Every structure is written in structure tokens, then in C-alpha cells.
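Residue numbers (the working numbering): 6 to 139.
No residue lacks a Cβ here, since even glycine has one placed at the ideal position from N, Cα and C.
This one's a predicted model, so the numbers in the text were calculated from it and none came from an experiment.
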């Protein structure tokens, strides 16, 4: 289990499950080079912004992340950072292969994403704690 982070006078633990899907659900992660590149690029951009990737794995057409995001970075900014950075560099490194898949557009991910917070306690436990205050 992760420990709380402390920065200045803030103490926090913000964990999320994030999923991105390849555009048109293309099965691009069967290609090990692309899968490995996406993981490496994701680590690079997250390290730059102090976003901790606790776990990350690809399936045939999507990637799952378990992230710890500092409170000064929004979820939407995190999504934008990872998607834009990985798309730019995956095209730079694999343009021949990707141009066959996407024809005229330099895209890689769908517009949407899935995000869910990960709590350290159950809803029932937190409810009881709040109700027993005061």
C-alpha cells in the first residue's frame, strides 16, 4: 500500500486507474516495439511532472495505468500530457507503420478515456468515520 506524500504543508495520496484506447480500436499493441515505446514514453513524461506510474500494462488495443498524481496537476492535464507526448513521439519513431493504419491523420488515441479514483478505505469505513466525528 502506498504511503502519503508530504510537500510543504500538504499531505496527500491521489491514486487513479486510467485507461486509454487506440483510435478505431486498432490492435497496435500486438507490436511489441510500439507497446514498449508507449510505456517508455509514458514514464518519461510522467517523471518530468512528478506523476508516479505505480503499474502500467498494455492489452491488444488499450493501456491501463495506475497513477499517483500530485494535487497541483489536474486529471485532465495529466491525460493531455500523456496522450500528446506519446502520440508525437510514437509517430516520430514509427511513422511508416502508423501511416498505414491511420492514413491521413497523425493520431493514436481515441478522444475519450476512462478514469477512476482508487481509495485506501472502503466507502462504508469513510462514512462511519465522518458520522462519528464531533
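Legend entry - Contacting residues, own chain, Cβ-Cβ under 7 Å from residue 54 (five flanking each side not counted): Along the chain shown, read from residue 1 onward, the residue named residue 54 stands at position 49. The answer, listed in chain order, is 78, 86.
Inset, instruction - With a floor of 3 residues, list each beta strand (DSSP E) that falls wholly inside the stretch 71-116, ordered by position along the chain. - result: As far as the stretch 71-116 is concerned, it has no whole beta strand (DSSP E) run of at least 3 residues.
Inset, instruction - Indicate whether residue 19 and residue 9 have their beta-carbon atoms separated by less than 7 Å. - result: Position 14 of the chain shown, counted from the start, is the residue given in the question as residue 19. Position 4 of the chain shown, counted from the start, is the residue given in the question as residue 9. No. Outside cutoff.
Inset, instruction - Below 8 Å CB to CB, which residues in the same chain sit around residue 117 once its five sequence neighbours on both sides are set aside? - result: In the chain shown, residue 117 corresponds to position 112, counting from 1. Excluding positions up to five away in sequence, the list reads 26.
Inset, instruction - Would you check if there are 3 or more beta carbon pairs closer than 8 Å linking the stretch 92-99 to the stretch 61-78? - result: Verdict: no, contact absent.
Inset, instruction - Helix, strand or coil for residue 59, going by three-state DSSP, please let me know. - result: Walking along the chain shown from the start, residue 59 turns up at place 54. Three-state DSSP puts residue 59 in a strand.
Legend entry - Presumed contact (8 Å Cβ cut-off) between residue 121 and residue 60, rounded CB distance: Position 116 of the chain shown, counted from the start, is the residue given in the question as residue 121. Position 55 of the chain shown, counted from the start, is the residue given in the question as residue 60. In this structure residue 121 does not touch residue 60 by the C-beta definition: roughly 14 Å separates them, more than the 8 Å allowed.
Inset, instruction - Consult DSSP for residue 127 and reduce its assignment to one of helix, strand or coil. - result: The residue given as residue 127 occupies position 122 in the chain shown. In the structure shown, residue 127 falls within a coil segment according to DSSP collapsed to helix, strand and coil.
Legend entry - Range of the contiguous beta strand (DSSP E) that encloses residue 44: Taking the chain shown and counting its residues from 1, the one referred to as residue 44 is at position 39. Looking at the DSSP string, residue 44 is not in any beta strand (DSSP E); the run it does join, the alpha helix (DSSP H), is 37-53.
Inset, instruction - Answer with buried or exposed for residue 72, where buried requires no fewer than 16 other C-beta atoms within 10 angstroms of its C-beta. - result: Walking along the chain shown from the start, residue 72 turns up at place 67. If you draw a 10 Å sphere on the C-beta of residue 72, you find 16 or more other C-beta atoms in it, and that means buried.
Inset, instruction - Determine the direct distance from the alpha carbon of residue 96 to that of residue 111, and round the result to whole angstroms. - result: For the purposes of this step, residue 111 is identified with residue 106 of the chain shown, where counting begins at 1. For the purposes of this step, residue 96 is identified with residue 91 of the chain shown, where counting begins at 1. Linking residue 111 to residue 96 through their CA atoms gives a straight-line distance of about 7 Å.
Legend entry - C-alpha distance - residue 119 paired with residue 136, whole-angstrom precision: Here residue 119 is taken as the residue at index 114 of the chain shown, counted from 1. Here residue 136 is taken as the residue at index 131 of the chain shown, counted from 1. Taking the straight line from one Cα to the other gives about 31 Å.
Inset, instruction - In angstroms with no decimal places, state the Cα-to-Cα distance between residue 37 and residue 68. - result: The residue you call residue 37 lines up with position 32 of the chain shown. The residue you call residue 68 lines up with position 63 of the chain shown. Annotation: residue 37 to residue 68 spans about 13 Å, alpha carbon to alpha carbon.
Legend entry - Sheet register partners of residue 16 (DSSP bridge): Numbered from its first residue, the chain shown carries residue 16 at position 11. Bridge partners of residue 16: 11.
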